[in-house]
Amino acid sequence: MLSRYPFRAARPASRLFVAAAGTRAPASCIVSTRAARQRFLSTTHPCSKDVYDPRERLRNARPLVSHAAADRFSNAGRSRNSKRFAVACVAAAVIFYLCNSEVVPVSGRRRFNFFSDWYLQLYHRNEAKEIIHLVEAQGGRFLREGDPRVLLVKHVMKRLIPVSGVPDYDWEVFVIDDPRTANAFVIPGGKVFVHSGILNVCGNEHALAAVLGHEIAHNTALHAGERLSAAWVGNLMTGCVFLLAGGMPGVALFGLWTAVGGFFLRDLLFYLPMGRHQESEADYLGLMMMAEACYDPRYALTFWQRMEAVQRQGGVDVPEMLSTHPSNEQRIAQITQWMPRALEKRAESDCRGTTAFANQFRSAMRRGVLVTA
Ligand SMILES: [Zn+2]
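Letter by letter, the sequence shown follows residues 2 to 374 of the numbering used here.
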């Protein structure tokens, strides 16, 4: 085997040199002369197929990311073209925003919404199934069809649907057996979820009509589309900022944004103030709805007073109230202000929804005009 190593040397110093070079050559493959060492450094050693100089290997190493790709990544957003592109994106977003902003007929508030009712129903089509699965997975259960509480909710819904402005939804009622939670919500498309705890707070059919009227009104006013649109605007604007910052700074900014809870901040900035306006609009629409269905709108006040008392006492969870709703005092003050008009509505109503205010609201929303009850 020794005959394969023509540069065998006898001096220990040469052995050290071989070790420092980090070669994978066998220990017997030792370089002795200067010329041989030079050859050893610069070429493939004849006793092995490897390149022996680590600096040379480093210089010749293939990078994981090509230099061209790395340059493109580092300079992303810095070039004039990238900046023009980002500015064009921002300008397009502003134009898109202006084209899709509309006036909410009851409040005069201008809002951005580019999702139609049809798309919202499609977007939320599996949500009811997911909620049912989640409730059951957490050990909860739904009240059976013939339960008096389910029948009560269905009865109230039967009177509210004709005045809802969205009577053609595929309406379905689900009552969760959960006496400790006072909550109710309606998914776009007409799936109504009621926690049995809210029935105890309501105490009667009129107050339940106030709760369900409010929840239906969120659908009538397409509030879900507004929230979804706001989230898209947030994503687009954040993306533009990252792009304008350039490749690496943009990535760093994204990391910082994520680390400090940027998504939470975006929710706070976009949803919280708007959520309060939406709640107020749903209160107004819901109040008119219940009045037109010939329920006594004064029970809306009774309900919120009872809700305030229940919350003060504790013992019942009120999840929706804790999120973006206005305070009970604010709500009671507003409903008191609207009450004379609601009582008039009730007096004028034929109780069948033929002159439903919600229908006028939907029509006015399409035309972009204000409407008063
Ligand atoms: Zn609400």
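A virtual CB, placed ideally from N, CA and C, is assigned to each residue, including glycine.
| Check | Outcome |
| --- | --- |
| Per DSSP, His207 forms a beta bridge with which residues? | His207 is not bridged to any residue. |
| Inspect the CB distances between the region 206–225 and the region 282–297 and report whether three or more fall short of 8 Å. | yes |
| Give a yes or no on contact between the region 300–310 and the region 243–258, applying the rule of three or more CB pairs nearer than 8 Å. | no |
| Is any heavy atom of ligand 1 found at a distance shorter than 8 Å from the C-beta of Ala260? | no |
| Does Phe186 have its Cβ less than 9 Å from a Cβ in chain D? | You won't find chain D in this structure, because it holds only one protein chain. |
| If we ignore side chains and look at the alpha-carbon of each, how far apart do Ala357 and Ala348 end up? | 13 Å |
| Using 8 Å as the Cβ pair cut-off and three pairs as the minimum, do the region 90–100 and the region 150–169 touch? | no |
| Please write down, chain order preserved, every residue whose beta carbon lies under 6 Å from a heavy atom of ligand 1. | His215, His219, Glu280 and Ala283 |
| Return the residue from the list Val157, Val174, Ala93 and Arg110 that minimises the CA-CA distance to Lys130. | Val174 |
| Quick one: what's Ile188 bridged to in DSSP? | Lys192 |
| Three or more C-beta pairs closer than 8 Å, one from the region 115–130 and one from the region 274–294: is that the case here? | no |
| Mind pulling the alpha helix (DSSP H) runs of 4 or more residues that sit fully within the region 153–178? | none |
| Checking 9 Å against the spacing of the C-beta atoms, do Gly226 and Pro189 come in under that value? | yes |
| Can you tell me the Cα-Cα spacing of Val167 and Gln279, whole angstroms? | 18 Å |
| Do Ala359 and Ala218 count as a contact pair if the criterion is CB distance below 9 Å? | yes |
| Evaluate Glu137 with the Cβ neighbour count: other Cβ atoms within 10 Å of its Cβ, from every protein chain shown; 16 or more gives buried, anything less gives exposed. | exposed |
| Could you work out which residue in Arg368, Phe243 and Leu237 is closest to Ala92 when comparing CA atoms only? | Leu237 |
| CB Val157 to CB Val176, shorter than 9 Å? | no |
| Does the Cβ of Ala334 have 16 or more other Cβ atoms within 10 Å, making it buried, or fewer, making it exposed? | exposed |
| Gly214: which of Val187, Val234 and Ser102 sits nearest, CA to CA? | Val187 |
| So for Glu146, helix, strand or coil by DSSP? | coil |
| Secondary structure at Val104, three-state DSSP: helix, strand or coil? | strand |
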